[in-house]
Amino acid sequence: MKRILIAEDDFASRTVLEDSLLKWSYQVLTAVNGTDAWEIMRQDDAPAMAILDWMMPGMDGLEVCRRIRALKKEAQPYLIILSARSDKEDVVQGLDVGADDYLSKPVNIMELRARIDAGRRIVDLQSALSSKVAEVWESKQLLERTFAALNDAILIVNEHNLEIMDCNPAALKIFSCSQEEVRGQSLSLLHVEDQNLFRDFKQQLKQARLGKGSLFFAEYRMRRKNGTEFLTEQKLLSLDDESGRHIGWVNVISDITEKKHLEKKQKKQQEQLAQAAKMTALGTLVAGVAHEINNPNNLIMLNAPLLERMWKDSFPILERHYQQHGDLKPAGIPFEEVRGYATELFSGVQEGCKRIKRIVSELKEFARETPLNMRQEVNLNDVVHAALTMLNKTVARHTHRFAVDLDPDLPLIQGDFVKLEQVVVNLLINSFQALADKNQGITLKTRGDTFHGAVILSIEDQGEGIPAEIMDRIFDPFFTTREKTGGTGLGLAIASAVIQDHGGTIDFDSSPGRGTTVTVTFHGARPGSRQANP
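Numbering (my numbering) for the sequence shown: -9 to 524.
Here's what the structure looks like:
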């Protein structure tokens, strides 16, 4: 602000003012009457400050002030009335018409300098404030345009009663409501009828406010105005005021109906491709195993006991012949050696046949296209009970220290009960086989994670642990470290496939000498629970 207008009809006074301002490095414009002053100040590029004499020809300074204020410019100039009048009534009158300051004649130069400097500071502050207001307004406009343009529904919800204070157009479209039908209503209006579900939702909001201040719901059911339900993904962010006090929530809601449809379609295609790949790689092998191995293997299993009985029946005759002649060598082996381990030979043949049968069965299971029954609501505790009933004798054979800790309020998951039971059995058998003796223990736990909408199964053993160098291979089909004990390397591969089919994850925490903890997490659990069968 370096331009100032001096409107003064007295030549001497005008000259004194002009000389002083020029000396202070201001650019000075002059007018000898009120009409000329008004013409200058009405322009868009008018000076930011003006010194107006009260009494001037054509139009006095007060009238010029009135007209300037009537323009209602965004950036108002700083106006100083100059007059020989010094009564308080005159000062008040000048300020009433819009003047910012008042100078009495004759002008004191030091006072003039102080008044000009004060005016300049005020004008500079006004300019800065105007710029800031413009920035805020522009940001507000940008935020409102963004708010309106987002495809996700956004609800602004207060803290006290979860009342919807505002929403964007996308929310009205997704929920098929009008502004009047949404604003001022409780958030429960848009939730499913299950009040226990909404009560759990509010409880999680309370926990999130005390914790991280945000919450995520995957596949959460909501409803439209007509009552139809649909799946959503929700992100709730804490809304705080300038002092940091929590005042509500920003609820970002995505309609994932189409997404789930595409995922289902994509998953089906992936399953078909995966099944085709598996059948291409294993089809010939499985068919060959079924016909070329099972049949002769069954024949061996049938004939081995017969041959063993024949050996037992022939043994007395062979024994007498050996005692009388001493030169008996069945299969070129001295009879004295054969008679000591012949029974073990027959037993080994039968055990080998059983192992072949088990391998063939697991190969078929791995390669077979078995549809999952994912429409069941499963309590994982029931699955654990069923698996432990099957493994009752196995537990007693491997450990004296087997602990089970089941969450009584476990949420339900969608899944195939039989396949999940197979997962638990396979994982427990792995843990049993890792134990060196019966004094080493195993702990099985289930728990619900309502914050993340998940159900978690963990099995911790005190066994030998898994070396780091093979950790990346434990899910590979046919990879096993238990060839000597009959391992096929398919148990974890099958378990992992079933867990993935259920949208879950499996993680191992292990190192040699400190045991293994396997954690299985199933996402998309439904809040609420059903008591497990005892």
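All residues carry an ideal CB built from backbone N, CA and C; glycine is no exception.
Compare the C-alpha of residue i against each of the options and name the closest.
i      : options                        : result
Asn141 : Ala161, Glu64, His315, Phe206  : Ala161
Ile403 : Leu296, Lys249, Ile460, His513 : His513
Thr379 : Lys347, Met364, Leu418         : Leu418
Ser168 : Ser176, Asp43, Lys215          : Lys215
Ala444 : Tyr210, Ser3, Asp91            : Tyr210
Ile246 : His181, Ala208, Pro401, Gln260 : Ala208
Asn284 : Lys344, Ser178, Pro67, His442  : Lys344
Phe165 : Thr218, Ala118, Gly174         : Thr218
Arg32  : Met46, Gln66, Pro47, Lys13     : Gln66
Pro324 : Glu149, Thr333, Tyr312         : Tyr312
Glu309 : Ala294, Val328, Ser121         : Val328
Gln175 : Phe191, Lys163, Met155, Lys192 : Met155
Phe465 : Asn382, Asn416, Ile449, Ala426 : Asn416
Ala426 : Gly503, Gln194, Gly322         : Gly503
Leu434 : Met49, Val394, Arg59           : Val394
Pro295 : Phe336, Asn158, Phe305         : Phe336
Which one or two residues does DSSP pair with residue i in a beta bridge?
i       : result
Gly174  : Gly174 is not bridged to any residue.
Ile(-4) : Thr20, Ile41
Phe206  : Lys225
Val445  : Gly438, Phe512
Ser500  : Thr506
Tyr92   : Ile71
Cys157  : Leu145
Gln526  : Look at the range of the chain in this structure, -9 to 524, and you will see that residue 526 is not part of it.
His236  : Asp230
Assuming residue i and residue j make a contact with CB atoms under 8 Å, what is their CB distance in whole Å?
i      : j      : result
Ile144 : Val242 : 6 Å
Leu85  : Leu93  : Actually they are not in contact, since the Cβ atoms of Leu85 and Leu93 sit about 12 Å apart, beyond 8 Å.
Gly88  : Val147 : Their Cβ separation, rounded to whole angstroms, is 46 Å, which puts Gly88 and Val147 out of contact at 8 Å.
Thr506 : Asp451 : 6 Å
Val373 : Glu411 : 5 Å
Ser448 : Thr509 : 5 Å
Asp43  : Leu72  : 5 Å
When we look at the beta-carbon of residue i and count the other beta-carbons within 10 Å, is it buried (16 or more) or exposed?
i      : result
Tyr331 : exposed
Phe392 : buried
Glu359 : Its pLDDT being 46, under 50, Glu359 is placed unreliably in this model, and the value from its coordinates should be taken loosely. Classification for Glu359: exposed.
Gly316 : exposed
Lys409 : buried
Asp35  : exposed
His390 : exposed
Ile456 : buried
Glu459 : exposed
Ala2   : exposed
Expressed to the nearest angstrom, what Euclidean distance is found between the alpha-carbon atoms of residue i and residue j?
i       : j      : result
Glu367  : Asp231 : 43 Å
Glu253  : Asp491 : 13 Å
Leu177  : Phe206 : 16 Å
Asn98   : Lys63  : 31 Å
Asp399  : Asn288 : 48 Å
His251  : Lys257 : 10 Å
Met269  : Phe407 : Its pLDDT being 48, under 50, Met269 is placed unreliably in this model, and the coordinates cannot settle the point.
Leu119  : Tyr68  : 15 Å
Glu334  : Glu282 : 26 Å
Leu370  : Thr436 : 8 Å
Arg56   : Thr25  : 13 Å
Ile(-4) : Glu170 : 57 Å
Pro286  : Asp497 : 40 Å
Met291  : Ala377 : 29 Å
Gly431  : Glu454 : 12 Å
Leu229  : His236 : 6 Å
Asp104  : Glu53  : In the sequence as presented, Asp is not what sits at residue 104; that position holds Ala. So the two alpha carbons sit approximately 25 Å from each other.
Met46   : Lys95  : 14 Å
Glu8    : Glu125 : 37 Å
Gly511  : Leu221 : The residue you asked about is not Gly; residue 511 is Thr in the sequence shown. The straight-line gap from Cα to Cα measures roughly 21 Å.
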